[in-house]
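**Student:** 2 is the number of the first residue of the sequence shown in our numbering; add one for each residue after it.
Quick reminder that beta carbons are idealized off the backbone N, C-alpha and C, glycines included.
Sharing a structure here in structure tokens format.
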Amino acid sequence: MELTAQRELLSVLRLIDSGKVSVSDKARRPSAAAIKGITHVLEGGDYYPVLPVKRRWHDESAGPIRAFAWPLIVQAGGLAQLSGSKLQLTKVGRNVLSQPTHETLRRLWSKWVDTTIVDELSRVECIKGQTGKGKRGLTAVSSRRNAIADTLAECPPGSWIFADDFRRFVRASGNDFTVSRNAWDLYICEKQYGS
Numbered sequence: 002m003e004l005t006a007q008r009e010l011l012s013v014l015r016l017i018d019s020g021k022v023s024v025s026d027k028a029r030r031p032s033a034a035a036i037k038g039i040t041h042v043l044e045g046g047d048y049y050p051v052l053p054v055k056r057r058w059h060d061e062s063a064g065p066i067r068a069f070a071w072p073l074i075v076q077a078g079g080l081a082q083l084s085g086s087k088l089q090l091t092k093v094g095r096n097v098l099s100q101p102t103h104e105t106l107r108r109l110w111s112k113w114v115d116t117t118i119v120d121e122l123s124r125v126e127c128i129k130g131q132t133g134k135g136k137r138g139l140t141a142v143s144s145r146r147n148a149i150a151d152t153l154a155e156c157p158p159g160s161w162i163f164a165d166d167f168r169r170f171v172r173a174s175g176n177d178f179t180v181s182r183n184a185w186d187l188y189i190c191e192k193q194y195g196s
């Protein structure tokens, strides 16, 4: 995905430069319209299609991943900033349009690992309790992110790894992490049944 990521970064930056990426003012998460627009410039679309919610309490849609992440990554990397309700390119972001993107991706990764803009878990909206009582039990985003980054750095380059194998490798490498100190405060569907 390294070449794809380079092309997508430029496409997303151009979309931001055209004023078509809106984000929320507090969480700085992309709006539904922004996700739709970004999905159109992604090579092959996102990993999972955006599906309408049929039943609110039984939504099993994985939702967008790359289209959700790009606006957050470019904000964390200082390439874009909030202006009103839309993102706009910073001076650094404008300069990136004419620089080698592989170097920019390396810097973005380094900055993302250290940022606390958003917890990736919050993208998975079917896990309830993240903003309520369960929020107090969540572990620090940075410790989870560092454990994953450290494990990724140990993976062999140029080959795919199954998710289950990666999860086992996280544990075997000693980079295991905990998402919540009290998982019972997180639930799916109804708290009474889904903890």
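Tell me the rounded alpha-carbon separation between LEU4 and THR132.
**Tutor:** Indexing the sequence shown from 1 puts residue 4 at position 3. Indexing the sequence shown from 1 puts residue 132 at position 131. The alpha-carbon atoms of LEU4 and THR132 are separated by roughly 36 Å.
**Student:** On the criterion of 16 or more Cβ atoms from any shown chain inside 10 Å, does THR102 qualify as buried, or is it exposed?
**Tutor:** Taking the first residue of the sequence shown as 1, we reach residue 102 at position 101. Under this definition THR102 is a buried residue.
**Student:** May I have a chain-ordered list of the alpha helix (DSSP H) segments no shorter than 4 residues that lie completely inside the segment 6-81?
**Tutor:** As far as the segment 6-81 is concerned, its whole alpha helix (DSSP H) runs of at least 4 residues are 33-42 and 67-77.
**Student:** Which term fits PHE163, buried or exposed, when burial requires 16 or more other beta carbons within 10 angstroms of its beta carbon?
**Tutor:** For the purposes of this step, residue 163 is taken as residue 162 along the sequence shown, with counting starting at 1. Per the 10 Å Cβ criterion, exposed.
**Student:** Spell out a yes or no on whether the segment 96-113 and the segment 34-48 are touching, meaning 3 or more CB-CB pairs, one atom from each, closer than 8 Å.
**Tutor:** No, because fewer than three Cβ pairs between the segment 96-113 and the segment 34-48 fall closer than 8 Å, the two stretches do not touch.
**Student:** For GLN76, count the other beta carbons within 10 Å of its own beta carbon; 16 or more makes it buried, fewer makes it exposed. Which is it?
**Tutor:** Locating residue 76 in the sequence shown gives position 75, where the first residue counts as 1. Buried, by the Cβ-count rule.
**Student:** Looking at GLU155: is its Cβ nearer than 8 Å to the Cβ of SER181?
**Tutor:** Residue 155 sits at position 154 when you count from the first residue of the sequence shown. Residue 181 sits at position 180 when you count from the first residue of the sequence shown. For GLU155 and SER181, no; Cβs fall outside 8 Å.
**Student:** Report, in whole angstroms, the separation of the C-beta atoms of TRP71 and GLU9, which I expect to be a contact under 8 Å.
**Tutor:** Walking along the sequence shown from the start, residue 71 turns up at place 70. Walking along the sequence shown from the start, residue 9 turns up at place 8. Right, the Cβ-Cβ distance comes to about 7 Å (below 8 Å), so this counts as a contact.
**Student:** Taking LYS136 as part of the beta strand (DSSP E), name the residues at either end of that continuous run.
**Tutor:** What you label residue 136 is simply residue 135 of the sequence shown in a count that begins at 1. Taken as a continuous stretch (DSSP letters only), LYS136 belongs to no beta strand (DSSP E), as it is neither H nor E.
**Student:** Tell me which same chain residues have a C-beta within less than 6 Å of the C-beta of ARG124, skipping the five on either side of it?
**Tutor:** Your numbering for residue 124 matches position 123 in the sequence shown. Counting only Cβ-Cβ distances below 6 Å, and skipping sequence neighbours, we find PHE69.
**Student:** Taking the alpha-carbon of ILE66 as reference, which of TRP113, ILE36 and ALA148 has the nearest alpha-carbon?
**Tutor:** Stepping through the sequence shown from its first residue, residue 66 is reached at position 65. Comparing alpha-carbon positions, the option among TRP113, ILE36 and ALA148 lying closest to ILE66 turns out to be ILE36.
**Student:** Which ranges does the alpha helix (DSSP H) cover as unbroken runs of at least 4 residues, wholly within the segment 87-162, from first to last along the chain?
**Tutor:** 92-97, 102-115 and 142-155
**Student:** Distance check for LEU73 and ARG95, CA to CA, integer angstroms please.
**Tutor:** By one-based count along the sequence shown, residue 95 stands at place 94. By one-based count along the sequence shown, residue 73 stands at place 72. Near 17 Å, if we compare the C-alpha coordinates of LEU73 and ARG95.
**Student:** Checking the sheet assignment: what are the DSSP bridge partners for LEU4?
**Tutor:** Counted from its first residue, the sequence shown places residue 4 at position 3. DSSP output for LEU4 lists no bridge partner at all.
**Student:** Please report the residue range of the alpha helix (DSSP H) in which ARG182 lies.
**Tutor:** Position 181 of the sequence shown, counted from the first residue, corresponds to residue 182. Neither: ARG182 is in no alpha helix (DSSP H) and is coded neither H nor E.
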